[in-house]
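For the sequence shown, the positions run 9 to 475 when this note's numbering is used. We put the beta carbon where it would ideally sit given N, CA and C, even for glycine.
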Amino acid sequence: MADSLNLSEIPLDVEIEQEGDYYVDEATEIHEAQWLYTSVVKDYQFPQGISYEKLEDLFLIEESGTEEEEGDEDEDESTTITVAGKSGMSKQFLYDLEDEALRLTGNYEEPEEPESLTQRRSKKRPKGYIRVYNTETKRLDPVVGVKIKTRRWFKWAKGWTNGQGYYRVNRGYRRKVHYTVVFKNTKGFKIWPSIVSISSARYRAGRHSKYGHSINFYTNSVGWRWATVNNATVKYFNYCSQMGIGKPHNNLRIVALGGTGYSSAPMLRRVWGYAGLTSRSKMSTFLAKANSITVAGNMLWIMCKYILPDIIIRAGASKGTDGVFSTTFHELAHASHFKKVGSGYWIKYINYIITYGAYGNGHGINSGNCGVGEMWGSYFSALLTRNEFKYTTSFNNDWLWFHEEEDWYNPGFLKEVDNISDVTTKEIFECLKSTTDTFTDLIAELKTKTTYDEKVNIAFTNYPDWP
């Protein structure tokens, strides 16, 4: 229903004088349900099980949906419409009627600047640019593929940013409108503001000109982390296409939290209820060990019923653009791995973390699932991060920053294998089968991709601390 109706957390006939950053924090107490506001056509049938209450009958000159065809900027004195079965009604007369109703109720506002009658009646489709500050390049990057929604009273419009961050909504307005950036991407994934939110992240920019409004996200805005994770995810999907790596599910739910703690890719939306992860207590234990997140009982109920994130990313501004990209690439590498190996493999991975902590020490049941997964995630993330930032001061086109001996799973092993002349990164990914759940299995698979078996052995023995 959220995709067919425009839902608002505040009544649609209320004007907010000043809007800004806000989101539901993980520690905030939340009730099981809240009222949302919308407008619907007469005799609209709500889906079964939805509680609703009619507040008022409305007479609207224009439909309140966002799916109308473009072109209402071209209206003039001769434009007519059909209202309540009566055709040929002057739209300009209806606008005058609306203006008078606004005056009588104290809601009329003067034009943005001195205008002729024709200019005042003319509609403009808002447009602009959405950008985010890149802490490495010290420049503003376009925020790619996000939705822009505009609203004035009961009238909504939408647009999507292109590769340059430019948008233009699909309907025109006669006066100032409210702007919202919705982090739902054209590629299909959504950025969520917290593990207990019931909708995707939204940055409400307030009311601005009918001609358009541009938004720049700097590190002091909560929108910075949502926009940065969004761009990193777009880049990841593009890299997968270029390199032949399997992409994750395109409808990922990615929670972008603040701070600098642990991130994870539990893929809960796809494994919840699967053998081994069927209780809230296990869910709570996993979040505590994998992400250092403690979730109250009522919030856990909300998360399990409505959210079930695929990926949880700590994306605090103190990590910088490169740090957030690196973390996002790492977790998305896990998501690619998950799509290839399936839920059965992943439940073993999750159970290892529940039993032994975030990475364990390489021993115990299912340690191989964790070791192979973390080795791949760390290496592929480093490869993409280097490619993305290799010309910046922090990276200088070298590998000195890469933790080749990280923990007990030594991702540098895959770097050395990738340097074998007849092995590609794509072929390494192909080795991550549902049966590849030990380092021995991985080595055997890698040897099927090269004529230099001994080089694989040498790469492995270069790290003497395997468990």
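Excluding the 5 residues flanking it on each side, Tyr60 has same chain C-beta neighbours closer than 7 Å at Phe54, in chain order. Distance from the CA atom of Glu64 to the CA atom of Gly385, rounded to whole angstroms, is 53 Å. The C-beta separation of Ile203 from Ile320 comes to about 7 Å, placing the pair in contact by the 8 Å criterion. The three-state secondary structure of Gly167, taken from DSSP, is strand. Within a 10 Å sphere around the beta-carbon of Ala109 sit fewer than 16 other beta-carbons, which makes this residue exposed. DSSP links Lys192 through a beta bridge to Lys198. Sequence-distant partners of Ser389 (beyond 5 residues in either direction) whose C-beta falls short of 6 Å from its own C-beta, in its chain, are Ser334, Phe337, His338, Ala341. The stretch 347-358 makes contact with the stretch 438-456: 3 or more CB pairs, one atom from each, lie closer than 8 Å. By the CB criterion at 9 Å, Val152 and Ile199 fall outside the cutoff.
Contiguous alpha helix (DSSP H) elements confined to the stretch 208-275 occur at 230-251, taking only those with 4 or more residues. Shown here, His186 sits in a strand according to DSSP, grouped into three states. For Ile156, the enclosing beta strand (DSSP E) covers residues 155-160. Cα atoms of Ile436 and Gly269: separation of roughly 29 Å, rounded to the nearest angstrom. Contact between Arg215 and His186 is confirmed by a C-beta separation of about 5 Å, below the 8 Å threshold. Taking 9 Å as the cut-off, the Cβ atoms of Thr393 and Thr145 do not count as close. In the DSSP annotation of this structure, the continuous segment of the alpha helix (DSSP H) that includes Asp461 starts and ends at 461-469. The beta carbon of Gly328 lies closer than 7 Å to those of Thr143, Glu144 in the same chain, with the five residues before and after it left out. Spatial neighbours of Tyr417 in its own chain (CB-CB distance under 6 Å, excluding positions within 5 residues in sequence) are listed in chain order as Gly379, Glu382, Met383. Within a 10 Å sphere around the beta-carbon of Thr448 sit fewer than 16 other beta-carbons, which makes this residue exposed.
When secondary structure is reduced to three states using DSSP, Val349 falls in the helix class. By the beta-carbon neighbour count (other beta carbons within 10 angstroms, threshold 16), Thr241 is buried. Under a 10 Å Cβ-count criterion, Tyr226 is classified as exposed, with fewer than 16 other Cβ atoms of the shown protein chains found around its own Cβ.
Shown here for Lys132: same chain residues with a beta carbon closer than 7 Å to its own, the five before and five after excluded, namely Glu81, Gly180, Tyr181, Lys218, Tyr219 in chain order. Less than 9 Å divides the Cβ of Tyr360 from the Cβ of Ile373. Sixteen is the threshold: since fewer than 16 other Cβ atoms of the shown chains lie within 10 Å of the Cβ of Asp104, the residue is exposed.
The secondary-structure analysis by DSSP pairs Asp149 across a beta bridge with Val140. Relative to the Cα of Thr158, the nearest Cα in the group Tyr141, Gly173, Gly136 belongs to Gly136. It is roughly 51 Å from the alpha-carbon of Glu453 to the alpha-carbon of Gln56. In this structure, Ala213 keeps its C-beta atom at 9 Å or more from the C-beta atom of Ile206.
Counted as a single uninterrupted DSSP element, the alpha helix (DSSP H) harbouring Arg394 occupies residues 375-397. When DSSP states are grouped into helix, strand and coil, Lys327 belongs to the helix group. In the DSSP assignment, Ile321 falls outside any alpha helix (DSSP H) and within the unbroken beta strand (DSSP E) covering 319-322.
With respect to Leu66, Leu44 sits apart: the two C-beta atoms are not nearer than 9 Å.
Contact between Pro150 and Gly167 is ruled out by a C-beta separation of about 14 Å, above the 8 Å threshold. The beta carbons of Val154 and Pro201 sit no closer together than 9 Å. Judged by DSSP in its simplified three-state form, Tyr45 adopts strand.
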